[in-house]
Every structure is written in structure tokens, then in C-alpha cells.
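Following: one structure in C-alpha cells, then a few remarks.
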Amino acid sequence: MADDKNRGEAYESQHVHAVYEEIASHFSSTRYKPWPIVERFLEELPDGSVGADVGCGNGKYLAVNSKVFIVGSDRSTNLVKIAKSHSPHSAIVADNLSLPHPPKSFEFAISIAVIHHLSTPERRIEAVQAVLELLRPSSSSGSDHGGRALIYVWALEQKESRRGWDEGHEQDVMVPWVMKGKKDKGDKQRRKEERRASEQGEKKGIEQSGDKTFLRYYHLYRKGELERDIDAAGGRVVESGYEKDNWWAIAVPKAES
Amino acid sequence: MKLLTLNFLTCAVKTCKTSASSFPLHPRDSELEIVEAEINVQFLQNILPRLMWEELGGLVNELGLPSLPPTAPLPSALVESKLQAPESDTTGLNIEKLEVPSQVARDLHRVLLETCIMSGGLVCGNCGHEYKVLEGVANFLLPAHLV
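Chains as they are written, first to last, in this note's numbering: chain A, 681 to 937; chain B, 28 to 174.
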């Protein structure tokens with residue numbers, strides 16, 4: 681595993697972006713159920729609010745509320761092609777660190793399971809900053825409370841999960857995504873192939889027929905780390921918590937002095 | 028990509044975002060397509076105050092579409108009353124007053140939500156960089172020298 685100084689844009693391009701591009705349609709078929717806190721955040725927005733879903737993936741959060749307008753963005757063209765079907769919203773291909781939106785123009789932004797894919801502390805803080813920069817600041821009179829961002833990242837503390845990570849574990853990890861190969865072949869066909877394989881002296885297991893494993897880079901967040909990143913990015917945490925193996929926070933840009 | 032999106036997009040280059048000339052992006056060699064969608068008057072009324080009307084008007088002209096009115100319509104202009112008998116009434120005598128989308132609303136819906144750029148480019152008026160649109164997807168990833 682590369683250490684911090686060997687990570688960065690090129691590293692993410694290989695260990696995050698290229699993987700999602702490859703697994704897009706399979707990944708998308710497993711991502712349809714919105715997480716409750718994200719769903720509530722979106723449903724409570726006033727009608728006509730405009731915002732961004734930075735790292736929208738297949739656009740599952742674009743389906744939650746059709747009374748607001750969301751511009752979703754993702755690095756993966758293949759995921760954006762799936763995401764753009766959710767009316768009335770839009771989806772574009774863009775990088776979290778170079779978002780093509782006028783600054784301070786949105787009432788809300790969400791960043792769900794995205795920032796943990798950036799591979800250095802500086803880039804993660806920069807990514808939070810890029811999300812906060814989209815938000816309208818609150819008016820000095822306080823009549824308009826300004827834009828809010830909801831940010832979700834994967835937690836290190838998840839000993840009940842399938843992965844079983846917990847406090848003290850390495851935070852920078854490679855997580856496998858297994859794409860199942862073709863459905864089980866009929867017995868007859870399999871026996872025939874096994875026979876042929878053994879005749880040819882192949883040792884590779886036929887039972888793995890076609891399964892393909894992709895590794896994605898993740899930085900697992902420790903308790904309190906997301907709040908610190910938000911603070912370093914010039915944000916103020918309004919509310920935060922832990923839900924199902926993830927840390928989340930609602931943040932606003934700090935008032936300008 | 029529907030034209031409404033362009034109301035919320037600018038150049039991805041950091042130094043351009045604060046420059047007035049980067050908004051809106053200018054379509055180049057656009058291939059347009061109408062993708063029909065159900066009209067939602069309330070959505071249009073809500074989004075109306077967020078539209079940069081003058082800039083949108085410019086965009087529509089650059090694309091060679093019918094011009095927008097010089098000033099944004101009021102939300103109330105998006106509906107009109109219509110006297111009509113409900114479909115269930117076969118006698119046609121029980122006339123009711125119904126609120127229906129006005130022509131203004133239908134025109135706005137057509138241009139903002141149904142008119143899509145399928146291919147072409149979007150050019151920044153500040154740095155001149157062109158973002159490609161392919162199969163209806165606009166790509167804002169920057170080449171290394173512009174990041």
C-alpha cells in the first residue's frame with residue numbers, strides 16, 4: 681500500500697476512478713435504497729431549493745425529492761449516464777476538486793460516500809472546502825440562514841460490519857469489489873471443462889470462473905475526524921452523528937469576519 | 028443536458044469562477060434534441076426567481092431558439108383559468124374553473140426542461156476552454172495544465 685506521499689491525483693485515478701468506471705452498472709444495480717438521514721435532509725428542503733450532489737454515483741439521491749433541483753456530478757461517465765435519467769434533475773461529469781458551479785449559489789449540497797476516496801489529508805480537506813464553497817452564505821441580518829451541506833464518510837469504527845474494522849486498524853485500506861462471473865454453468869458443461877482443464881494441466885480453479893475482483897481505495901474516518909476536516913475547510917458543524925458504519929455531519933460555511 | 032442546468036454551471040477553472048465573463052458558458056456546434064417531460068408548473072414557479080433571465084435569453088439566442096420575453100414572467104403568469112366541463116360529465120353542462128399551465132409556462136418548460144444539448148461544446152468566455160458534451164453528458168474534467 682502506498683504511503684501518503686505516493687498518493688494523490690494519479691493514485692486516485694487508478695485506484696478509485698478507473699474502478700468505478702469499470703464496475704458502474706454492477707455497482708449501480710446494488711445502490712438503490714437511500715440512507716434515512718440523507719433522505720430526510722433532502723425531503724425537508726423548501727420546495728424550489730437548488731443544490732448539488734457531489735459524487736452522485738448512479739443518482740439514487742436524485743430520485744428522493746422532485747420539488748427541488750439538483751445538479752449531480754460524478755467523476756465516472758458511466759455512472760453519470762445512469763444518473764441523468766432522474767427528472768427534473770441533471771447530472772454532469774466533474775471532479776470534486778474542480779466543480780463547475782458559480783460559488784456561493786446553492787441552498788444545499790450533499791456529499792455521500794465520496795470524500796473518503798481522496799487519498800491525502802490535504803485533498804480531503806480541499807474536497808470539503810469545494811463542497812462548502814457552493815453554499816450561499818447566511819445573510820448578516822440572519823433572515824436567511826444560508827446553505828447547508830450534508831457529508832457522509834465511511835467509519836473506521838464498524839466492528840459489527842462484514843468488514844469488521846475498528847479503532848486502531850489501519851485507516852487507509854483497499855476494499856475489494858467482486859463482480860460475479862457468468863451464472864453457474866450446467867453440471868455437464870462444468871465437468872467437461874474440468875476434464876479439459878485437468879488434461880491440459882491447468883491449476884487455476886474453474887470454480888472461480890469469471891469472477892473479477894476490483895480494489896478501491898478508502899480512507900476510513902476516525903471519530904471526530906470529519907468534524908476536524910470540516911473545521912479546517914472553513915466550515916462549522918451544525919449537527920453530526922454516526923449511522924450504520926458511517927460518520928455524517930451537516931455543515932455551513934463559517935461566517936466571514 | 029437540459030438547458031436549465033446551464034443556469035447553474037460555470038467554468039471549472041478556479042480563476043475563472045470569480046470572473047463575470049465565465050458565466051454563462053457558450054454553446055458551440057450544439058446538436059439539440061427535445062426530450063419530452065411532464066410539465067410541473069409549481070416547479071417552474073419555484074425555480075423562476077433563481078433564473079438569470081438575461082443570460083438565459085442570450086443562451087437561447089446563441090442556440091437559435093425562439094427568443095425569451097425581455098423580462099422574466101411573474102409566477103402568476105404561469106397558470107391560467109379555463110372553463111371546462113370535467114371529463115366525467117357527459118352532459119357538458121357542469122362547467123368548472125380549472126387552473127392549467129399557460130402558454131408562457133409551456134414555452135418555459137419546453138426551453139428549460141425539454142430542450143437538451145446532446146452533443147457539442149460549452150465554451151468559457153474567460154479562458155476559452157471548451158468542455159465537450161457527448162451523448163447528452165457534459166464533461167467538466169480539466170486537462171492537467173488547467174487544474
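Even glycine gets a Cβ: it sits at the ideal position worked out from N, Cα and C.
Using alpha carbons as the reference points, say which of the options lies closest to residue i.
| i | options | result |
| --- | --- | --- |
| P100/B | D134/B, N67/B, K124/B | D134/B |
| K654/A | F707/A, A929/A, E806/A, R804/A | This structure cannot settle anything about residue 654/A, because the visible part of chain A is limited to 681 through 937. |
| L110/B | K124/B, P93/B, L78/B | K124/B |
| H769/A | E719/A, V853/A, L742/A | L742/A |
| E919/A | E907/A, A912/A, A913/A | E907/A |
| V87/B | P54/B, V62/B, V127/B, V131/B | P54/B |
| Q838/A | D925/A, A774/A, F721/A, I831/A | D925/A |
| H796/A | N745/A, F894/A, G688/A, P716/A | G688/A |
| D891/A | F749/A, L815/A, A698/A, P856/A | P856/A |
| Y832/A | G826/A, L815/A, A789/A, L814/A | A789/A |
| E787/A | I805/A, S765/A, F721/A, R755/A | F721/A |
| A179/B | P102/B, S103/B, C154/B, E126/B | Chain B is shown from 28 up to 174; residue 179/B falls before or after that span and cannot be answered. |
| S129/B | M79/B, L168/B, N153/B, V106/B | V106/B |
| I930/A | G861/A, V696/A, A829/A, E936/A | A829/A |
| T893/A | E702/A, S841/A, V718/A, W927/A | E702/A |
| S48/B | E58/B, V138/B, L36/B | L36/B |
| G699/A | V917/A, T757/A, L815/A | What sits at residue 699/A in the sequence shown is Val, not Gly. Per the Cα distances, T757/A. |
| L798/A | G914/A, A690/A, K761/A, E936/A | A690/A |
| A810/A | Q694/A, D846/A, A912/A, R896/A | A912/A |
| Q851/A | L836/A, V744/A, N745/A | L836/A |
| P93/B | V164/B, V138/B, P102/B | V138/B |
| V748/A | I762/A, R803/A, V730/A | V730/A |
| P783/A | K29/B, M28/B, T98/B, F50/B | F50/B |
| K41/B | V917/A, E813/A, P726/A | E813/A |
| L168/B | L725/A, P780/A, E724/A | P780/A |
| M79/B | E65/B, A64/B, L95/B | L95/B |
| N67/B | S108/B, A132/B, S115/B | A132/B |
| E905/A | A771/A, K860/A, H766/A, E847/A | E847/A |
| P97/B | L30/B, G85/B, S46/B | G85/B |
Listing by chain order, which chain B residues have their CB less than 7 Å from the CB of residue i?
| i | result |
| --- | --- |
| K740/A | Neighbours of K740/A on chain B: none; closest Cβ ~18 Å, over 7 Å. |
| V751/A | T32, F35 |
| D852/A | Neighbours of D852/A on chain B: none; closest Cβ ~23 Å, over 7 Å. |
| G911/A | According to the sequence shown, residue 911/A is Asp rather than Gly. Within 7 Å Cβ-Cβ: nothing; D911/A doesn't reach chain B, min ~22 Å. |
| D891/A | Those within 7 Å of D891/A in chain B number zero; the least Cβ separation is about 30 Å. |
Who are the neighbours of residue i on chain B, taking C-beta pairs under 9 Å?
| i | result |
| --- | --- |
| F788/A | None at all; the shortest Cβ gap to chain B is about 13 Å. |
| K747/A | N67, Q69, F70, N73 |
| D684/A | Here the premise fails: no neighbours, minimum Cβ distance about 20 Å. |
| D754/A | Within chain B, no residue comes near D754/A; the closest Cβ sits about 10 Å away, beyond 9 Å. |
Can you say whether residue i is buried or exposed, counting buried as having 16 or more other CB atoms within 10 angstroms of its CB?
| i | result |
| --- | --- |
| E923/A | exposed |
| I122/B | exposed |
| T142/B | buried |
| K884/A | In this prediction, K884/A scores a pLDDT of 37, lower than 50, which makes its location untrustworthy; the coordinate-derived value is nonetheless stated afterwards. With fewer than 16 Cβ atoms within 10 Å of its Cβ, K884/A is classed as exposed. |
| L161/B | exposed |
| I792/A | buried |
| C43/B | buried |
| V62/B | exposed |
| G91/B | exposed |
| V174/B | exposed |
| N686/A | exposed |
| S57/B | buried |
| R842/A | exposed |
| W927/A | buried |
Assuming residue i contacts residue j (C-beta within less than 8 Å), just tell me the rounded distance between them.
| i | j | result |
| --- | --- | --- |
| L900/A | V858/A | 20 Å between Cβ atoms; not a contact. |
| N776/A | A807/A | 5 Å |
| P933/A | P801/A | About 20 Å separates the two Cβ atoms, so there is no contact after all. |
| L140/B | L52/B | Going by Cβ atoms, the distance from L140/B to L52/B rounds to 18 Å, so no, they are not a contact pair. |
| V773/A | G735/A | Their Cβ separation, rounded to whole angstroms, is 12 Å, which puts V773/A and G735/A out of contact at 8 Å. |
| C38/B | H156/B | 7 Å |
Starting from residue i, find everything on chain A with Cβ-Cβ shorter than 7 Å and list it in chain order.
| i | result |
| --- | --- |
| A39/B | A774, S778, L779, P780 |
| L140/B | P768 |
Would you mind telling me which residues of chain B sit closer than 8 Å to residue i, beta carbon to beta carbon, in chain order?
| i | result |
| --- | --- |
| V730/A | F35, I74, R77 |
| D651/A | In the structure as shown, chain A begins at 681 and stops at 937. Residue 651/A is therefore absent and cannot be evaluated. |
| S940/A | Because chain A in this structure spans residues 681 to 937, residue 940/A falls outside the shown range and cannot be described. |
| T757/A | V164, N166 |
| D925/A | Near D925/A there are no residues of chain B at all, since even the closest Cβ is about 30 Å away, more than 8 Å. |
Just the chain A side, please: which residues come within less than 8 Å of residue i by C-beta, in chain order?
| i | result |
| --- | --- |
| G163/B | K764 |
| L169/B | D775, S778 |
| M28/B | K764, S770, I772 |
I want to check one thing, is the minimum distance from the CB of residue i to the heavy atoms of the ligand SAH below 7 Å?
| i | result |
| --- | --- |
| A99/B | Ligands are entirely absent from the displayed structure, and the ligand SAH is therefore not among its contents. |
Note down, in chain order, every chain A residue with its Cβ under 9 Å from the Cβ of residue i.
| i | result |
| --- | --- |
| V174/B | E689, D775, L777, S778 |
| A47/B | The contacting residues do not exist; A47/B stays about 10 Å from chain A at best. |
Under 7 Å, CB to CB, which of the residues in the region 761-772 of chain A have a partner in chain B? Going along the region 761-772 of chain A in chain order, one finds K761, K764, S767, P768, S770, I772 with a Cβ nearer than 7 Å to chain B.
Using a Cβ-Cβ cutoff of 8 Å, what residues of the region 91-118 of chain B are near chain A? List them in chain order. Going along the region 91-118 of chain B in chain order, one finds no residue with a Cβ nearer than 8 Å to chain A.
Quick one, which residues of the region 789-811 of chain A are near chain B if we go by CB-CB under 7 Å, in chain order? The region 789-811 of chain A vs chain B, Cβ under 7 Å: nothing.
Interface positions of the region 700-715 of chain A facing chain B (Cβ-Cβ less than 7 Å), listed along the chain: Taken residue by residue, none of the region 700-715 of chain A has a beta-carbon sitting less than 7 Å from a beta-carbon on chain B.
Going along the chain, which residues of the region 125-153 of chain B sit with their C-beta nearer than 7 Å to a C-beta in chain A? From the region 125-153 of chain B, only L140 have a Cβ closer than 7 Å to chain A.
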